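Here is the structure we will look at.
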Amino acid sequence: MESSITAFMGVGIWIDGDKKKECVKPIVTKLCQNITAFDVSDKTMQRLGGYHFFRGQPDGILGRQMCLQMMVTKNDQNGFLDDQGSEMKNLSFLIVIFCLLAKVSAECADSCECPDFSSLRLSEADASDYQFTQLAGSAANATCVSPNNFVMASQFNETEFPLPPEANRFFMIPALGRNALIPASSFELFSYFGVVCDNGSWYATKYPMGISYVKVNEDIFTNTTYVESYDGKKTRIVWFACNNYTP
Numbered sequence: 001m002e003s004s005i006t007a008f009m010g011v012g013i014w015i016d017g018d019k020k021k022e023c024v025k026p027i028v029t030k031l032c033q034n035i036t037a038f039d040v041s042d043k044t045m046q047r048l049g050g051y052h053f054f055r056g057q058p059d060g061i062l063g064r065q066m067c068l069q070m071m072v073t074k075n076d077q078n079g080f081l082d083d084q085g086s087e088m089k090n091l092s093f094l095i096v097i098f099c100l101l102a103k104v105s106a107e108c109a110d111s112c113e114c115p116d117f118s119s120l121r122l123s124e125a126d127a128s129d130y131q132f133t134q135l136a137g138s139a140a141n142a143t144c145v146s147p148n149n150f151v152m153a154s155q156f157n158e159t160e161f162p163l164p165p166e167a168n169r170f171f172m173i174p175a176l177g178r179n180a181l182i183p184a185s186s187f188e189l190f191s192y193f194g195v196v197c198d199n200g201s202w203y204a205t206k207y208p209m210g211i212s213y214v215k216v217n218e219d220i221f222t223n224t225t226y227v228e229s230y231d232g233k234k235t236r237i238v239w240f241a242c243n244n245y246t247p
């Protein structure tokens, strides 16, 4: 008797409802390709083919939803196993799958494809001005304690909004009321600028005070103030400093 089982696992993890990661998929797919010892009757195949499993991750930090869709096909030339033997084997199969998903789900949720966010901070900046706490996955709390002259830098070939007329290549993303002359209160970068990790890089997606840039052949910054159409557009963060002011 020649029989085979082919399983496809479509696995997605949604972080805060808007971020999908698929690091589980290749691991589960590889496992399924290696499992060939199960003969599946028509009755059991129908049961397995319609199952959808939803597993929440209530860790209080990230809202996740895992969806496992399993489709089983069979090729059997000489008959079927009896229902009892078939169902016992498929019960073992499901237990293996659930144990694997529990393990790789935790690993995916706690991993981050981006480098340490703190590595973007200027090395010469005062470390006492900055506090960082890594949370699950790509979530974090990055707080500028005394940001009297906060600076976040990028360039126009690293953003989704258009290049202003006569603008130089580089620009800054300012923060409200934070400059060398006005005492500033602490603020958290991830929430203030909508910082997200995408494809191995850190991006800002919110610009409460717009952007500041220098026109070609000029030394004076032009500030756009808040521009509603900028919100939601991604800008790769090249570097930042909580207090870049040197008296």
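Taken in order, the sequence shown gives residues 1 to 247; the numbers are from this note's numbering.
All residues carry an ideal CB built from backbone N, CA and C; glycine is no exception.
If you're wondering where the values come from, they're calculated on a predicted model, not measured in any experiment.
Beta-carbon proximity of Y213 to F171, cut-off 8 angstroms: yes
Endpoints, the beta strand (DSSP E) within which F171 is located: 167-172
K103 classed as buried or exposed, judged by whether at least 16 other C-beta atoms fall within 10 angstroms: Confidence is the limiting factor: at K103 the pLDDT is only 44, short of 50, which leaves the residue's position unreliable, though a coordinate-based value still follows. Answer is exposed; the Cβ neighbour count stays below 16.
N199 versus L122 - alpha carbon distance: 22 angstroms
Proximity winner among C242, I237, D129, T222, relative to C114 (alpha-carbon distances): I237
C-alpha gap between P164 and K215, whole angstroms: 9 angstroms
Same chain, Cβ closer than 7 angstroms to F156, five either side skipped, listed in chain order: L163, A167, R169, F171
Residues bridged to Y203 [DSSP beta-bridge criterion]: Under DSSP, Y203 shares a beta bridge with V196, R236.
Residue closest to G232, alpha-carbon to alpha-carbon, out of A139, F193, D126: The residue with the shortest Cα to Cα distance from G232 is F193.
Residues bridged to N223 [DSSP beta-bridge criterion]: S212
Within 8 angstroms, strictly: CB atoms of V145 and S186: yes
Which residues DSSP lists as bridging V151, in chain order: A241
First and last residue of the uninterrupted beta strand (DSSP E) at F132: 130-134
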